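Chains as they are written, first to last, in my numbering: chain A, 1 to 137; chain B, 138 to 260.
Ideal Cβ placement from N, Cα and C applies to all residues, glycine included.
Please read all numbers here as calculations on a predicted model, not as lab measurements.
Below: the structure, in structure tokens.
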Amino acid sequence: MTNKIILTYAVYLPVAFALTLYVARTLFRNGRVFMLDIFKGKTDIADATNTLFETGFYLLNIGFALRIMEVEGYWSENPFDTNQEVVETLASKLGGFAIYLGVMLFLNLFLFFRGRKKARAAQFGNTAVPLVTAPTH
Amino acid sequence: MNLNLLSYLLFFPAMLAIAVYVAQVCHRHGRIWMLRIFHDDAAFVDAVNNILLVGCYVVNLGYIALCVAHWEPIAGVDEMIGALRTRIATILFTLAALHYQNIAVLLIWSRIVHRRTLNTQQP
Numbered sequence: 001m002t003n004k005i006i007l008t009y010a011v012y013l014p015v016a017f018a019l020t021l022y023v024a025r026t027l028f029r030n031g032r033v034f035m036l037d038i039f040k041g042k043t044d045i046a047d048a049t050n051t052l053f054e055t056g057f058y059l060l061n062i063g064f065a066l067r068i069m070e071v072e073g074y075w076s077e078n079p080f081d082t083n084q085e086v087v088e089t090l091a092s093k094l095g096g097f098a099i100y101l102g103v104m105l106f107l108n109l110f111l112f113f114r115g116r117k118k119a120r121a122a123q124f125g126n127t128a129v130p131l132v133t134a135p136t137h
Numbered sequence: 138m139n140l141n142l143l144s145y146l147l148f149f150p151a152m153l154a155i156a157v158y159v160a161q162v163c164h165r166h167g168r169i170w171m172l173r174i175f176h177d178d179a180a181f182v183d184a185v186n187n188i189l190l191v192g193c194y195v196v197n198l199g200y201i202a203l204c205v206a207h208w209e210p211i212a213g214v215d216e217m218i219g220a221l222r223t224r225i226a227t228i229l230f231t232l233a234a235l236h237y238q239n240i241a242v243l244l245i246w247s248r249i250v251h252r253r254t255l256n257t258q259q260p
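Right, here's the structure in full:
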């Protein structure tokens, strides 16, 4: 391919989408456990909420991937025309995107933990949550 | 072939392999600690552990990819080895720091939970 900018886009888009898909699928397949905890075992509402959040995650992250996609070099002094520039640009864009995805993943995990803690507190009363049952004797 | 490109091609897969290996070691051996922290709730622990594994992959690979940018122009093999050496050392130190931080969090958390359990069990 002669046009290096198009080559960059052609590599960037599939990798970014695949990365988003992988992270979102793992997060929400395992997030079901948290949702079941939060909604006290009501499967239908837990699955529904999980799917809604998953869609939101896709929209947000693919939107961000498209926002940062643009490669500058059409009219600049040094045109974007070597393979080295392609690799460097791809690495910095995809690396930044991967770290952003990681931050979003940990944010989601934090929210899951928070929701679970609140649900448990509501279930056991507002005092400190007993993690183990005290022996009765 | 451009030597810069060649060193990227050497650097990235090698660091990728190390990061994936470290993440898998943490995943495999961190599980027993998390079981201790979350009172043997295996389904919950596995869910958290899998999410943490993916987070570890994504952040480490992102950091490694960010390091593949704006290297000084490399003229010969000796310069290539020098450039690679510096970057590899940086990545390995970062991985080590994250790893020890991981161990510290697990240790401290499990100690807190253990102490709370003892307090609850006392009359």
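For residue i, which residues of its own chain have a beta-carbon under 7 Å away from its beta-carbon, when the five flanking residues on both sides are left out?
i      : result
B/R173 : S247
A/N50  : F28, G31, R32 and M35
A/K93  : Y12 and I68
A/F112 : G31 and F34
B/R168 : V182 and N186
A/Y58  : T20 and A24
B/F175 : F181 and V182
Which bits of chain A does residue i rub up against, with CB to CB less than 7 Å?
i      : result
B/L142 : N83, Q84 and V87
B/N187 : T26 and N30
B/H213 : A small fix is needed here, since residue 213 of chain B is Gly in this sequence, not His. What B/G213 touches in chain A: nothing, since even the nearest Cβ is about 17 Å away.
B/A226 : The contacting residues do not exist; B/A226 stays about 19 Å from chain A at best.
How many Å lie between residue i and residue j at the Cα?
i      : j      : result
B/C163 : A/P79  : 44 Å
B/R253 : A/K4   : 60 Å
A/G95  : A/V11  : 13 Å
A/G31  : B/E209 : 44 Å
B/A234 : B/C193 : 13 Å
A/V71  : A/R120 : 48 Å
A/F124 : B/I249 : 21 Å
B/N152 : B/H236 : According to the sequence shown, residue 152 of chain B is Met rather than Asn. If I take the Cα positions, the gap works out to 15 Å.
A/V15  : A/Y9   : 10 Å
B/A179 : A/F17  : 31 Å
B/A226 : A/A48  : 46 Å
So, for residue i: in the same chain, excluding its five sequence neighbours on each side, which residues have a beta-carbon less than 8 Å away from its beta-carbon?
i      : result
A/L101 : L19, T20, V23 and N61
B/F149 : I201, A202 and V205
B/L232 : I155, A156, V159 and N197
A/N83  : K4
Output yes or no for whether 7 Å exceeds the beta carbon distance between residue i and residue j.
i      : j      : result
B/V195 : A/A91  : no
B/L140 : B/I218 : no
A/R114 : A/D37  : no
A/A65  : A/F97  : yes
B/S144 : B/L221 : yes
B/M255 : B/W170 : Inspection of the sequence shows that residue 255 of chain B is occupied by Leu rather than by Met. No, they are not a contact pair.
A/T26  : B/V191 : yes
Identify the contact partners of residue i in chain A, using a Cβ-Cβ distance below 8 Å as the criterion.
i      : result
B/H236 : None at all; the shortest Cβ gap to chain A is about 16 Å.
B/A220 : Those within 8 Å of B/A220 in chain A number zero; the least Cβ separation is about 14 Å.
B/V191 : Y22, V23, T26, L27 and L105
B/H160 : It is Ala, not His, that sits at residue 160 of chain B in the sequence shown. Here the premise fails: no neighbours, minimum Cβ distance about 12 Å.
Listing by chain order, which chain A residues have their CB less than 9 Å from the CB of residue i?
i      : result
B/N139 : T82, N83 and Q84
B/F181 : V33, F34, D37 and R116
Given that residue i touches chain B, what residues does it touch there, using C-beta distances under 8 Å?
i      : result
A/I99  : V195, V196, G199, Y200 and L203
A/G56  : Near A/G56 there are no residues of chain B at all, since even the closest Cβ is about 17 Å away, more than 8 Å.
A/G63  : Per Cβ cutoff of 8 Å: no residues; A/G63 is ~18 Å from chain B at best.
A/L111 : Under the 8 Å cutoff, chain B gives no residues; its nearest Cβ is about 12 Å from A/L111.
Just to confirm my understanding: we take residue i, look at its own chain, exclude 5 residues before and 5 after, and list those with CB closer than 6 Å. What are they?
i     : result
A/F39 : I45 and A46
Which residues in chain B have a C-beta closer than 9 Å to the C-beta of residue i? List them in chain order.
i      : result
A/A91  : Y145, F149, I201, A202, L203, C204, V205 and A206
A/G96  : G199, A202 and L203
A/G139 : No answer is possible for residue 139 of chain A: the residues shown for chain A start at 1 and end at 137.
Is residue i a contact residue of the ligand MG, with contact defined as CB to any heavy atom under 6 Å?
i     : result
A/L90 : With respect to small molecules bound, the structure shown includes none, and the ligand MG cannot be examined in it.
Any beta carbon of chain C sitting closer than 7 Å to that of residue i?
i      : result
B/A154 : In the structure shown, chain C cannot be found, because the protein chains are A and B.
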